[in-house]
Structure formats: C-alpha cells, structure tokens
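A.B. asks: Below is the structure I would like to discuss, written out as structure tokens.
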C-alpha cells in the first residue's frame, strides 16, 4: 500500500483569484488535495470558504488562476465541466433536494440521465445508499415529509449515487436543528473512513479534530493558516486564527 | 427543581357546534359583516326571482316532439313560433331551432357526425389519461395520443386525403370553431411560451434580446390588431396570398399572441424556483436541457398552473374577437341567427345561451386546474 506522500494530487488549485463585481472574494489561493485526503475549511462568515469549494465544481466562475480536478483543467468548456461534475459531488447547506420527486427518484436522477444507467440498476443502487445513511424506509416519500437531518442524509446519499471521487460539503450541518447534527456527522465520518476525498466547509470542530488530515483557516478571501488538527488547535500561529478559535471554542469546551 | 410528568394528548375542547355558531362566526361576526350579509341577501332577493322567472318559470318550452338518442319526447303538440312564443320570458324553442348553427356553424348537416366524433374523442382522451395514470408505459401511451389526436381530429374535421369529403374551414362555425381556435391556440402557444420564457432568462444575449423584444411587442398590442395583421398583412408576404386559409391566419396570430402571455406566466414560475435547485441540478452534472426539463420546469409549471389556466380562460373568451375578421364563432352565430326574419328580436335568448355554454366550459377548466394543483402538490403533502 502506498504511503500518503506517494499519492497524487486529485485537486490542484493555483493562483486562484475571484471577484464579485469589484469585491475581491478569493485572493491568490494555492491549494493541493491528495487522493483520499479529508480537508476541513473553516473561517468567519464571508471569508470565501464556500466560494472556494464552489469554484472546484465550477458553480462559481473565477477570473484568474487554474484549477485541475483529477487531471482535467477547469475551463468554460461545458463538456469538461460536466465531466468534472460527474466526479465531484456536492452537499449543500440547504440540502437542495428536488421537492417534486420522491426520495428514490432524487437519487436515481443523475445515474439515469448523466451516467446512462438503467432504471433498475439505479434504483437498486439508490436503495443501497439509502440503507447506508439509514433512511431506506423513507424511499417513496417526498423530501418535505422528512426532517432536516433526514433530508441532509438523503442529499449525501444522492451525491454518492454517482460514485464520485471527491465530495464537497458546503456547511452541511449549519441549517440543522442541534439534535440532528450528529446523525449527519455520523454519516460523514463513515464516508471519511471509506477513503473518499473530502473537502468540508464546516464549523463542527469536533469533526475536524477527529477526521481531518488538514485544517485550512480562511479569512478575507485568503488562506491564512493550514495545519494538521493537533497543531491547528494547540499551536495556532496567526492572531486571526487565535481570535477565531477563542470565539468558536468558548462554548464548546 | 420541578419535574413534570409526561402529559397524555387529548382532543381540542368542544364549545358549541351547530348552525348558530357557524352563522355568528361567518356571517355576523361584527356589525359591518352583519350589514354586508343583509345587503347581499337583499341583492339576491331582487335579482334571482326575476331571472328564474324569465329563464324557467314563465319561459316557453314548447319544443314540439324532440328525438333524443332515439327516444321521442313530446313537449307540446307543435313547436312554438316567434308569434305565439311570448315576449315577457325566454323563448327556448328559438335556441332549439338554431342549436345546430350554434354548435356547428355551416358545417354540412350530413357530415355533422365528424365534429361529434371529435367531441367524443376529446372526452375519451381525458378518460384515457386518467385510466393510464398508474400504467407502466403511460408516458408512451400519452405521447402517442398527443401525436395522434390532433392528426385524427384534423382529418375528421377538414376531410380530404381521399378519406372523407373536404369541408372547407369557412364553413366551420359556432362552438366547434370556438373550441378549435381556443384549443389549437392554447396547445400550440404553450411550448412556444415555455421556450420564450427560458429564452428571456438565458445567458445568451441574442436569444435573451429576441425573446424580450418579441414578448414585449406582442403584449403591447391588442389582440384585435394582431388578428388584423395576421388576416390582412400576413398574406402580403406570402406567395399564396389570399388563398392562404383564413382560419389558419387567425390561428397563427392567436398562437403568437398567447405565446407571449404564457411566456410571462411561466417566467413568473421560473423566478420562484430557488437558486439552490439550479445549483443542485448543475452539481449532479445535468445538462442545460436536462436541468430545465427534469428539475426546473416541472416545479415552475406546477406553481404556474393557476395562472396558465387563467390565461387560457382569457384566451378562450378572446376567441370571440375572430368575428371581426369574418370567422363565425359561437357569438357571431348569435348575431347571425338573430337576423332570421322568422325569429326577429330573440338576441337575448341567444346571448344567455352562449353565456351559459361559456360558463360551463370555463368553470370546468377552472375546476380542472384546481384538481391538477392538488394532484401535483407534493411540496406540502403530509
């Protein structure tokens, strides 16, 4: 089995700059992610962390820099974008399930229409993933009949259905009631153990401590500091990270 | 520290139930409400009895002997004529005599089974759509019906192709013409409207500009103008000139007109779809067409149903304008039949009859839309 260092980069971001109008949202981002790595991105709101991961599957356009995802460089080419999106799955803060489709139809949509699987194949796989997120008995219901935590687990199952190499989590627990956060985090921990590459924007520092290979701290559109979990929390170097940690950890410990 | 026991659930308290409570809460909850209730009752009192008297109680129903589906029903010895029909109340034998004109216009009597078959097929269509709802291949069935129905209907109505005698469109009239114009107008304009709505929200500048210009131009012009343009200006650009079918010209005008309105209705629905739906569809790798066909439009059209039907109802009523370019729809038939020297002065009956037919059709449309809304309402299903 190969060691961490030998693994190749699955995401390479170099000199990434993005503006919303005149607002400089991302400043000179350089970042590489190795296959199987679990990365947690945190930072105060408005720091550009969501924008960063949304650039990876081109939900946001960027003006300068390069992003290479599993060997494909991101350009305006619709064909390439679709290819990348079929390998990069995303889980949203507000779940974004399709409310007019049943749970199982939500899951089979991409496999049938993007990956040309048959209905039976897709359905079988969907039910398997629903079982994995412990929600198989809800398969024929509609999203709005489920609780927030259940919906987010369905959303995770939906993104797994296309067998992605990379999963992006955009604050997956921020819109949930407190008692539902752990059920979603449990699923994410299971996934992380399974060896998939993950980038998570989250404020769940417990998850970061336990699962992350690296934690990245962003502020004002820049990567301020990155470190392994132990040193990230024990020896924060920059003032901004120290301040941030003191703010978010006060209530935790 | 106090610990409370878990309470068992129970039904809400029942105060008073019954008619008096209902009256008090709904009709006499306040002085203003009470006065309004009394005023409405008075209005009903002065309007309903005379209307009922005119339409039913004092009306003349001397149809003579009527043959309904092979059964002879004798209303009176002979059919009433204009002289002995009475002037104080409705003379329904007049409508009975002109019924064929109201329903088929100048369609040849010996061929009237053809429009009847089309009416029957239309009813059958609704029944089939209901029946196959849970059938495995329902999409294929419905799709083939969508293709076959207009072709069969056209061949039946217009004839030709060596199958049936040709009935030229200028002989079509009455309810038949109204239904043809309204349904063709609605069905043809709907997909155009959807495309225009998507076009107006497109990122491609040229398409966006074209859609916006088209929609805003059409919406800024009255239907009458468009009908005139389609009827008199369009032939100038066409080689076939005035031989170009008059009904077809009107249909093109109406379809373009209605497309602009549908476009705005659908655009309203599209705007209500959260950005997250687009992002989720993008993120799972759907193409532009798939995204719109599978995710965005099903939701947008669903919330647009009341407006789509409202717009269709408006169009249905607007079809009566075609009489100004010489097409004889149901309303035009009232004018025409009232010129009959044997039946002078009976326009009122005609207008009341057309009103009732229109009401039945449009109210059914309205109810049908309500049913569709409920059926597609998965958002709040519990």
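Chains as they are written, first to last, in the numbering used here: chain B, 576 to 828; chain A, 284 to 665.
Each residue gets a CB set at the ideal place from its N, CA and C atoms; glycine is no exception.
Because the structure is a prediction, the values reported are computed rather than measured.
Are the C-beta atoms of residue 810/B and some chain A residue less than 9 Å apart?
C.D. replies: For residue 810/B, the answer is no, since every Cβ of chain A falls outside 9 Å of its Cβ.
A.B. asks: Have a look at residue 577/B and residue 620/B and give me their C-alpha separation to the nearest angstrom.
C.D. replies: Interpretation of residue 577/B is limited by its pLDDT of 42, a score under 50 that renders its predicted location unreliable; no figure is taken from the coordinates.
A.B. asks: Using CA atoms only, rank isn't needed, just tell me which of 573/A, 363/A, 439/A, 429/A is closest to residue 397/A.
C.D. replies: Of the listed residues, the one whose Cα sits closest to residue 397/A is 439/A.
A.B. asks: Looking at C-alpha atoms only, which residue of 667/B, 653/B, 608/B, 610/B is the closest neighbour of residue 626/B?
C.D. replies: Of the candidates 667/B, 653/B, 608/B, 610/B, the one whose C-alpha sits nearest the C-alpha of residue 626/B is 667/B.
A.B. asks: CA-CA distance, residue 709/B and residue 762/B?
C.D. replies: Near 9 Å, if we compare the C-alpha coordinates of residue 762/B and residue 709/B.
A.B. asks: Could you tell me which chain C residues have their CB closer than 9 Å to the CB of residue 673/B, listed as they occur along the chain?
C.D. replies: You won't find chain C in this structure, because its protein chains are B and A.
A.B. asks: Looking at the C-beta of residue 665/B, does it have a partner C-beta in chain A at a distance below 9 Å?
C.D. replies: Yes, residue 665/B counts as interfacial toward chain A.
A.B. asks: Closer than 9 Å, CB to CB, is residue 733/B near chain A or not?
C.D. replies: Residue 733/B counts as touching chain A.
A.B. asks: For residue 789/B versus residue 585/B, is the C-beta distance shorter than 9 Å?
C.D. replies: Not a contact, by the Cβ cut-off of 9 Å.
A.B. asks: Within 8 Å, do at least three Cβ pairs link the region 648-658 of chain B to the region 632-649 of chain A?
C.D. replies: Flag = no, the region 632-649 of chain A and the region 648-658 of chain B do not touch.
A.B. asks: From which residue to which residue does the beta strand (DSSP E) around residue 745/B run?
C.D. replies: Here the beta strand (DSSP E) through residue 745/B covers 741-745.
A.B. asks: Since residue 742/B contacts residue 766/B with CB under 8 Å, what's their CB separation in whole angstroms?
C.D. replies: About 7 Å separates the two Cβ atoms, so the contact holds.
A.B. asks: Counting only runs that start and end within the region 730-806 of chain B, where is the alpha helix (DSSP H) found for 4 or more residues in a row?
C.D. replies: Entirely contained in the region 730-806 of chain B, the alpha helix (DSSP H) runs reaching 4 residues are, in chain order, 753-768, 780-786.
A.B. asks: Would you mind telling me which residues of chain A sit closer than 9 Å to residue 772/B, beta carbon to beta carbon, in chain order?
C.D. replies: Here the premise fails: no neighbours, minimum Cβ distance about 16 Å.
A.B. asks: Listed from N- to C-terminal order along the chain, which residues in the region 676-701 of chain B have their beta-carbon within a distance smaller than 7 Å of any beta-carbon of chain A?
C.D. replies: Taking 7 Å as the Cβ-Cβ cut-off against chain A, the residues of the region 676-701 of chain B that qualify are 684, 685, 688, 689.
A.B. asks: Does any residue of chain A bring its CB to less than 9 Å from the CB of residue 738/B?
C.D. replies: By this cut-off, residue 738/B is not an interface position.
A.B. asks: Are there 16 or more other CB atoms within 10 angstroms of the CB of residue 286/A, so buried, or fewer, so exposed?
C.D. replies: Exposed: under 16 other Cβ atoms inside 10 Å.
A.B. asks: Note down the Cα distance separating residue 783/B from residue 571/A, rounded to an integer number of angstroms.
C.D. replies: Each residue's Cα considered, the two are about 36 Å apart.
A.B. asks: Just verifying my parser: in three-state terms, what is the DSSP assignment at residue 667/B?
C.D. replies: Note: residue 667/B maps to coil in three-state DSSP.
A.B. asks: How big is the Cα-Cα spacing for residue 425/A and residue 292/A?
C.D. replies: Distance between the alpha carbons of residue 425/A and residue 292/A is about 48 Å.
A.B. asks: Roughly how many angstroms separate the alpha carbons of residue 324/A and residue 675/B, rounded to a whole number?
C.D. replies: So the two alpha carbons sit approximately 44 Å from each other.
A.B. asks: The region 632-660 of chain B: which residues have C-beta closer than 7 Å to a C-beta of chain A, in chain order?
C.D. replies: Answer set for the region 632-660 of chain B: 632, 634, 657, 660.
A.B. asks: With 16 as the cutoff for other CB atoms within 10 Å, does residue 544/A come out buried or exposed?
C.D. replies: Classification for residue 544/A: buried.
A.B. asks: Taking residue 585/A as the query, report the chain B residues whose CB atoms sit under 8 Å from its CB, ordered along the chain.
C.D. replies: Going along chain B in sequence order, the residues near residue 585/A (Cβ under 8 Å) are 675.
A.B. asks: In whole angstroms, what separates the C-alpha of residue 509/A from that of residue 383/A?
C.D. replies: Their Cα atoms are separated by approximately 30 Å.
A.B. asks: Just checking my contact of residue 406/A with residue 472/A at CB under 8 Å: how many whole Å lie between their CB atoms?
C.D. replies: So it is not a contact: roughly 23 Å between Cβ atoms.
A.B. asks: Please identify the residue among 753/B, 688/B, 748/B whose C-alpha is closest to the C-alpha of residue 737/B.
C.D. replies: When each option's Cα is compared against that of residue 737/B, the closest is 688/B.
A.B. asks: Do you know offhand how far residue 819/B's Cα is from residue 749/B's?
C.D. replies: Taking the straight line from one Cα to the other gives about 17 Å.
A.B. asks: Mind pulling the beta strand (DSSP E) runs of 3 or more residues that sit fully within the region 330-388 of chain A?
C.D. replies: Within the region 330-388 of chain A, the complete beta strand (DSSP E) runs of at least 3 residues are 348-351, 354-357.
A.B. asks: Considering only the alpha carbon of each residue, which of 305/A, 492/A, 613/A, 463/A lies closest to residue 530/A?
C.D. replies: Per the Cα distances, 463/A.
A.B. asks: What does residue 485/A touch in chain B if you count any residue whose Cβ is under 9 Å from its own?
C.D. replies: Per Cβ cutoff of 9 Å: no residues; residue 485/A is ~14 Å from chain B at best.
A.B. asks: Opposite residue 455/A in the DSSP bridges: which residues?
C.D. replies: In the DSSP output, where bridge partners are listed per residue, residue 455/A has 388/A.
A.B. asks: What residues in its chain sit with their C-beta under 6 Å from that of residue 305/A, if we drop five residues either side in the sequence?
C.D. replies: Counting only Cβ-Cβ distances below 6 Å, and skipping sequence neighbours, we find nothing.
A.B. asks: Anything in chain B within Cβ reach of residue 573/A, meaning under 7 Å, just list it in chain order.
C.D. replies: Per Cβ cutoff of 7 Å: 688.
A.B. asks: How many whole angstroms separate the CB atoms of residue 560/A and residue 578/A, which I take to be in contact at a CB cut-off of 8 Å?
C.D. replies: Sure, about 6 Å apart at Cβ, within 8 Å.
A.B. asks: Rounded to the nearest angstrom, what separates residue 546/A and residue 506/A at their Cα positions?
C.D. replies: C-alpha separation (whole angstroms): 16 Å.
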